[in-house]
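Right, one structure below, let's go through it.
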Amino acid sequence: MISFFGKKKIIGLDIGSSSIKAAELDVGKKSSTLIAFGIVPTPPQSYVNGDIVDPQIISTAIRELLLKIKTKRKHAATGLGGTSVIVKRITIPRMDENLIADQIRWEAEQYIPYDINEVNLGYEVLKGASSNKENMDLLLVAAVQAHVIKYTEALALSGLNCAVLDVSGFALVNCFKTNYGDMSGQTVVLLNAGATATTMVGIENTEVVFLRDIPVGGLNYTLDLQKSLNISLEEAEAMKLGAASGRTVPEEAKSVIKATNDVICEELKSSFDFFLNSTKSQNITRCFVTGGGAKTYGFLDVVSKILPCEKLDPFLKVRASTKVFSQEYLNQIRDFAAVSIGLGLRDVSDA
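In this note's numbering, the protein residues as written are 2 to 352.
Laid out in structure tokens, this is it:
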């Protein structure tokens with residue numbers, strides 16, 4: 002996580018392929034309260050595979066969002082995802098932690114498929130990961146500088162200072178831990194099912210040890226419905242949302258959605274197995290699901306067949322102002338708010 006300013010009141014800004022979410026919180030030592038939240042569509046073709054393609058167009062959408070939530074804050078935390086960031090667990094020869102910073106660039110060259118001079122590097126020592134006296138495990142984070150520039154440019158054009166540049170998966174963990182605690186001694190998986198990708202985060206004994214973007218999401222259902230039923234993209238999206246909300250849709254549409262669920266779950270199962278094979282854990286203790294894709298008809302039931310899952314509740318401990326939000330509205334945003342809330346909870350002075 003990169004900090005550019007001292008301690009500030011910030012806006013959590015979650016930029017995704019289908020929508021941009023903003024969360025403004027009053028963060029206290031004992032509790033935090035959501036006081037503003039908004040969502041606008043991401044302009045078409047302006048954000049692809051986790052990378053901002055056109056900062057100017059994205060900034061226009063952000064300005065619209067800021068007006069919508071009536072914020073006066075000028076500092077933001079946003080998160081990288083997709084191809085703009087690589088998070089990888091690596092093993093290096095054991096050394097004094099003070100020496101790692103000098104060694105990390107050489108070690109990273111073996112794992113990063115980019116010119117090492119064109120990425121920003123960070124790392125976290127995994128305290129509980131390796132029992133080998135000769136080696137130690139790190140969680141390596143590499144952000145592509147060209148992508149970082151586009152994020153900071155988009156925020157600047159919208160009138161915001163980029164106070165924190167985080168990783169979206171880490172922001173999800175921040176929201177989770179704030180609401181559920183550290184879950185010490187457990188192996189937990191978080192799934193954020195977005196439009197074009199599903200972010201999977203593995204937590205082992207409170208430490209993030211695994212993060213992967215799986216290239217499947219809500220758009221897969223829409224495209225499969227469009228192709229199978231020979232309907233427009235807009236009609237397919239409406240049918241997908243209708244099934245998710247319990248409205249009557251053709252049985253053929255439900256069959257297509259079920260088939261897509263099966264394909265996506267196979268992808269998830271492969272990632273679950275890969276995660277377990279890379280850790281000391283014998284099984285995943287709990288799995289939490291969030292994101293718009295989690296609302297898809299039958300998704301949670303199918304995933305729960307391979308691993309019992311539950312919905313992540315970003316309002317379990319984080320309060321929401323009753324003067325601003327109705328319970329009905331909170332229920333509507335519950336599946337979409339976790340990452341932006343995790344970003345809005347960031348203490349910039351700790352970055």
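Glycine included, each C-beta is placed from N, C-alpha and C at the ideal position. It should be emphasised that the depicted structure is a prediction, and the values quoted were computed from it without experimental measurement.
Are the beta-carbon atoms belonging to Val190 and Gly170 less than 9 Å from one another? no
Locate the beta strand (DSSP E) running through Met201, then write down its first and last residues. 199-205
Specify whether the region 206-219 and the region 111-131 touch according to this definition: at least 3 beta carbon pairs, one from each stretch, less than 8 Å apart. yes
According to the neighbour-count rule (16 or more other Cβ atoms, all chains shown, within 10 Å of its Cβ), is Ala147 buried or exposed? exposed
Identity of the residues DSSP links to Leu173 by a beta bridge: Bridge partners of Leu173: none, in fact.
Nearest neighbour of Ile340, chosen from Glu267, Asn175, Phe326 [CA to CA]: One detail in the question is off: residue 340 reads as Val in this sequence, not Ile. Minimum Cα distance to Val340 is reached at Asn175.
Going by alpha carbons, who is nearest to Leu317 out of Asn332, Cys310, Glu236, Val304? Asn332
Nearest to Tyr222 by CA position, among Thr249, Glu205, Gly247, Ser256, is which residue? Ser256
Express the C-alpha separation of Val41 and Glu65 in angstroms, rounding to a whole number. 8 Å
Looking at the structure shown, is Asp116 part of a helix, part of a strand, or coil, going by DSSP? coil
Just the C-alpha distance for Thr286 and Glu267, rounded to the nearest angstrom, thanks. 20 Å
Do you know how far the Cα of Arg106 is from the Cα of Leu100? 12 Å
Applying the 10 Å Cβ sphere with the 16-neighbour rule, what's the burial state of Thr297? buried
Leaving out five residues before and five after Phe326 in sequence, what residues of the same chain have Cβ atoms less than 8 Å from its Cβ? Leu35, Phe38
Secondary structure of Ile1, DSSP reduced to three states: Outside the displayed range of the chain (2 to 352) lies residue 1, so it cannot be described from this structure.
What is the DSSP secondary structure of Gly82, reduced to helix, strand or coil? coil
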